[in-house]
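Below is one structure, written out as structure tokens; comments come after it.
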Ligand SMILES: Nc1ncnc2c1ncn2[C@@H]1O[C@H](COP(=O)(O)OP(=O)(O)OP(=O)(O)O)[C@@H](O)[C@H]1O
Ligand SMILES: [Mg+2]
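In this note's numbering, the protein residues as written are 395 to 710.
So this is what it looks like as structure tokens:
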């Protein structure tokens, strides 16, 4: 599969499923997109739309029993090739900051020991002085005081835990950082400061993939956005194209809901337990604009070099 030299991640027809008692649950269905190098790329969608599954695939952290189809290339390494995968190869190239860092960090280790662990796992012969120098550098990038080194994860506030987690991710020297819902427990001020810090990472040559259900946050931090619904990519593009000229009815609804502060309810969720090629558009039962053609799955079509939409109505 060709990969544009400007891209660091490429997914093509990528599907990811979990075996459940009710059958295969395809959490991600036939998604295709490219992540440009040193960009901030947001994956946006409601709960259950497959964002974490996709982020875990990019960071090589899917469980071993996962089912895959299509392709995923991370930093020129083919990580998923239909039903074969080499997820381990993505680990370290892409590092994931988990959805809830304060509970995901080892509770028995102080922040200093967490850093030492990460750095020693990357380079065995690293000296104490080098570790110290690097820790100070990563703390300063994340605007954290050195006192944080003597704290245990449970002693960190939500904003601090998020910044410690980003600093720890940096210490692993990845090319990609995947931040899963980095602002879910933060107030508006901390959301904005974590957003600014994530944006700064591109100065260090890192590509940042941000997973969020918050399109407003996405609009502040990212250059590119992919909108997911029911495991499918419904729209993708530069953030200014997607937000100023949304083409998919779900993207339009997200933008309108953000403006009106409408709260999404569980009734918006769709069942993911269907074949990968289930009949019709994934959004058809909710879509106010559906037409007969929506009984067939719309392919992602590009209306500009970067702006793609999977909607019959938008492309005909
Ligand atoms: N390990 C797993 N085994 C079985 N099903 C899973 C597993 N992980 C996720 N799922 C299911 O896959 C679907 C997508 O989940 P995923 O966590 O990727 O969504 P999400 O968009 O990140 O949601 P949220 O916003 O709630 O974090 C959901 O229906 C979820 O229940
Ligand atoms: Mg998630």
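Just so you know, even glycine gets a beta-carbon here, dropped at the ideal spot from N, CA and C.
Using a Cβ-Cβ distance cut-off of 8 Å, the stretch 538-549 and the stretch 512-524 are not in contact, since fewer than three pairs of beta carbons, one from each stretch, lie closer than that value. Taking a cut-off of 8 Å for Cβ pairs, the stretch 422-433 and the stretch 397-413 touch, as three or more such pairs fall below it. Here the alpha carbon of residue 691 sits roughly 53 Å from the alpha carbon of residue 520. Residue 544 counts as exposed, since fewer than 16 other beta carbons sit within 10 angstroms of its beta carbon.
For residue 702, the three-state secondary structure derived from DSSP is strand. Excluding residues up to 5 positions away in sequence, 542, 543, 545 and 558 lie with their Cβ nearer than 7 Å to the Cβ of residue 505 in the same chain. Note on geometry: alpha-carbon atoms of residue 556 and residue 496 lie some 8 Å from one another. Ligand 1 has a heavy atom closer than 7 Å to the beta-carbon of residue 414. For the pair residue 411 and residue 448, the Cα-to-Cα distance works out to about 11 Å. Taken atom to atom, the span from the alpha-carbon of residue 699 to that of residue 491 is near 31 Å.
Shown here, residue 639 sits in coil according to DSSP, grouped into three states, outside any helix or strand. Linking residue 562 to residue 522 through their CA atoms gives a straight-line distance of about 17 Å. Between residue 464 and residue 409, the beta carbon gap of about 6 Å places them in contact (Cβ cut-off 8 Å). Rounded to whole angstroms, the Cβ separation of residue 450 and residue 462 is 12 Å, and the two are not in contact under 8 Å. The residues 451, 454, 455, 456, 473 and 474, in chain order, have a CB closer than 8 Å to that of residue 481 in the same chain once the five nearest residues on each side in sequence are set aside.
One alpha carbon belongs to residue 600, the other to residue 685, and they sit about 43 Å apart. Every residue whose Cβ sits closer than 7 Å to any heavy atom of ligand 2 is listed here in chain order: 445, 446, 493, 574, 575 and 605. Taking a cut-off of 8 Å on C-beta distances, the stretch 411-420 does not touch the stretch 675-683, as fewer than three cross pairs fall below it.
Here the alpha carbon of residue 573 sits roughly 34 Å from the alpha carbon of residue 688. A straight line joining the alpha-carbon of residue 423 with that of residue 592 spans about 28 Å. Within the same chain, and ignoring the five residues on either side of residue 703 in sequence, the residues whose Cβ sits closer than 6 Å to its Cβ are 629, 641 and 642.
With 16 or more other CB atoms across the displayed protein chains lying within 10 angstroms of its CB, residue 484 is buried. In the DSSP annotation of this structure, residue 599 is not part of any alpha helix (DSSP H), being labelled neither H nor E. Following the DSSP letters along the chain, one finds residue 556 inside the alpha helix (DSSP H) bounded by residues 552-565. Minimum Cα-Cα distance from residue 440 among the listed residues 645, 633, 607 and 637 corresponds to 607.
Of the other Cβ atoms in all chains shown, 16 or more fall within 10 Å of the Cβ of residue 479; this residue is therefore buried.
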